[in-house]
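In the working numbering, the protein residues as written are 4 to 142.
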């Protein structure tokens, strides 16, 4: 199943790893889901893993990336951007565009700004935006 995972979801799975986030990590490791990434989403993940509040050494950061990126499929975003609903946070656009271009079955997010766009995004693209909890309840 092709999925787009918002940075906060990937971060929870990699750094904290318990509960549903840990289950999601197992799902990509067992190839039950295929996370889609592009240059922008991968760079954001690298940037966030380097936040001082996580106390991750460069080696730790590389190990966490190595537990995610090899399980992912890279998608090239075309120059002409696909239409998606307008959103408050411009950083959320990259996840919606990736979901459309990558033909994801679902965009999984813990971001309230993205979750509030779920109805508009699904009606525009056919792809739902779901929380981790909702994703596992429908899996």
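Glycine included, every Cβ here is placed at the ideal spot set by N, Cα and C.
- For residue 39, there is no enclosing alpha helix (DSSP H); the enclosing beta strand (DSSP E) covers residues 37 to 40.
- With a cut-off of 8 angstroms on Cβ pairs, the segment 107 to 120 is not in contact with the segment 59 to 76, counting fewer than three such pairs.
- With contact defined as three or more Cβ pairs closer than 8 angstroms, the segment 121 to 128 and the segment 7 to 24 are not in contact.
- A direct Cα-Cα distance of roughly 33 angstroms separates residue 21 from residue 126.
- Here the alpha carbons of residue 17 and residue 28 stand approximately 7 angstroms from one another.
- Per the Cβ contact rule, the segment 50 to 64 is not in contact with the segment 84 to 91 (fewer than 3 Cβ pairs under 8 angstroms).
- Around the beta carbon of residue 50, fewer than 16 other beta carbons sit within 10 angstroms, so the residue counts as exposed.
- According to the DSSP secondary-structure assignment, residue 15 is paired through a beta bridge with no residue.
- Going by beta carbons, residue 5 and residue 100 fall outside the 7 angstroms limit.
- The DSSP-derived three-state label of residue 5 is strand.
- Bounds of any alpha helix (DSSP H) do not take in residue 142, whose DSSP letter is neither H nor E.
- Listed as beta-bridge partners of residue 77 by DSSP are 40.
- Distances from the CA of residue 82 to each of 75, 76, 74 and 97 were compared; the closest alpha carbon is that of 97.
- DSSP places residue 104 in the uninterrupted alpha helix (DSSP H) bounded by 96 to 104.
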